[in-house]
Amino acid sequence: MSTLHQLPHLNHRLNRHLLLITAALVVLGAVLLLASWTTKTTAKAETLTIANTPTDLATDQPKRVYQYFHVEKTTPAKPKLTRLATAQQPATQSESTTEWGWPYTGGRYVTSTFGKRDLADSPWHDGVDFNAGVGSKIHAIHAGKVIFVGNPMKRGVTDAYPLGLGKDVVVTKTAAGDEIIYQEFAMGKQTHTVHVGDTVKTGQVIATQASGHLHLGITNHKSWVSAQNDWQNPAAHSWQDPLKLLKTAA
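Residue numbers (full-length UniProt numbering): 1 to 250.
See the structure below:
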């Protein structure tokens, strides 16, 4: 058979082969496309599965347990107010143990000062005299403990005026060791309202004036009995000037 006669046959075979190859490529493409679509769908499905899986199943962490308690609402209790009973205490009374105060209320009533003077045969005055009038209440000028009340002759000190202390004397001792002598306020009777062992506060009533004046003396860290021996001896420095201390009071 000549070559010219074989050409139609060869073309027919070539076309058939091309058709088979094309069909195979189409099938292969479809398979690949299907495989790709299946992979994406599976991944999406897996993603959705994980996203919708409860946390306690998708992780290894332990479950959280929540407990709820009923708490009753309470109102804080209001503090109780206590009224202080101060009506029975003098207005000038102080709780402080370091404050000074005047022996009378309503004024100072100083009639004779501390130091040099020429009166009653005495060139020197070992205290300060006050006179608010008979019947006036005498107040403690400083906090302290009462160490003596009554007639000073019980301690060997004369009570005869003008050289004595009178029939009634009140002596207190401060925490600093000074002794305060309230004397000459009662020349004929006793009017003190405190007793030995009492603790007095500044401004507390301790006696009533029953004579012409109150003599107030403050020792310089000495016993009031021994200081009486220096009542005319300023060089002994047994006595302090009360006014210098009282002027610090309000």
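Beta carbons: idealized from backbone N, C-alpha and C, even for Gly.
What distance in whole Å lies between the Cβ atoms of residue j and residue i, which are believed to be in contact at a cut-off of 8 Å?
i           : j           : result
residue 207 : residue 168 : 7 Å
residue 151 : residue 213 : About 18 Å; that fails the 8 Å criterion.
residue 149 : residue 194 : 6 Å
Give the single residue among the options whose Cα lies nearest to the Cα of residue i.
i           : options            : result
residue 123 : 15, 243, 114, 211  : 114
residue 178 : 111, 239, 228      : 239
residue 282 : 116, 128, 215      : The shown model of the chain, from 1 to 250, leaves out residue 282, and the question about it has no answer.
residue 186 : 160, 196, 198      : 160
residue 147 : 170, 216, 166, 188 : 170
residue 164 : 249, 182, 192, 144 : 182
residue 99  : 29, 203, 132       : 203
residue 253 : 211, 247, 237      : Look at the range of the chain in this structure, 1 to 250, and you will see that residue 253 is not part of it.
residue 133 : 107, 190, 217      : 107
residue 143 : 119, 118, 198      : 198
residue 111 : 247, 216, 188, 162 : 216
residue 189 : 166, 205, 180, 105 : 166
residue 104 : 119, 31, 129, 121  : 129
residue 218 : 18, 109, 228, 34   : 228
residue 322 : 193, 145, 192, 194 : Beyond the ends of the chain as shown, which are 1 and 250, falls residue 322; an answer cannot be given.
residue 184 : 162, 174, 119, 220 : 162
residue 180 : 102, 34, 31        : 102
residue 235 : 249, 245, 220      : 220
residue 121 : 249, 231, 245, 244 : 231
Helix, strand or coil for residue i per DSSP?
i           : result
residue 145 : strand
residue 137 : strand
residue 232 : coil
residue 221 : coil
residue 226 : helix
residue 22  : helix
residue 123 : strand
residue 189 : coil
residue 108 : coil
residue 216 : strand
residue 30  : helix
residue 247 : coil
residue 167 : coil
residue 154 : helix
residue 57  : Annotation note: pLDDT 40 at residue 57 (below 50); position unreliable, no value reported.
Given a threshold of 16 other Cβ atoms within 10 Å of its Cβ, counted over all protein chains shown, does residue i qualify as buried or as exposed?
i           : result
residue 64  : At residue 64, the pLDDT of 48 sits below 50, so the modelled position is not reliable; the number obtained from the coordinates is stated separately. So residue 64 counts as exposed.
residue 201 : buried
residue 226 : exposed
residue 242 : buried
residue 196 : exposed
residue 126 : buried
residue 24  : exposed
residue 27  : exposed
residue 247 : exposed
residue 29  : exposed
residue 263 : Absent from the structure is residue 263, since the part of the chain shown begins at 1 and ends at 250.
residue 22  : exposed
Step through the CB atoms of chain B and report whether any lies within less than 8 Å of the CB of residue i.
i           : result
residue 193 : Protein chains in the displayed structure number just one, and chain B is not present.
Count Cβ pairs between the stretch 131–140 and the stretch 151–163 that sit closer than 8 Å; are there 3 or more? no
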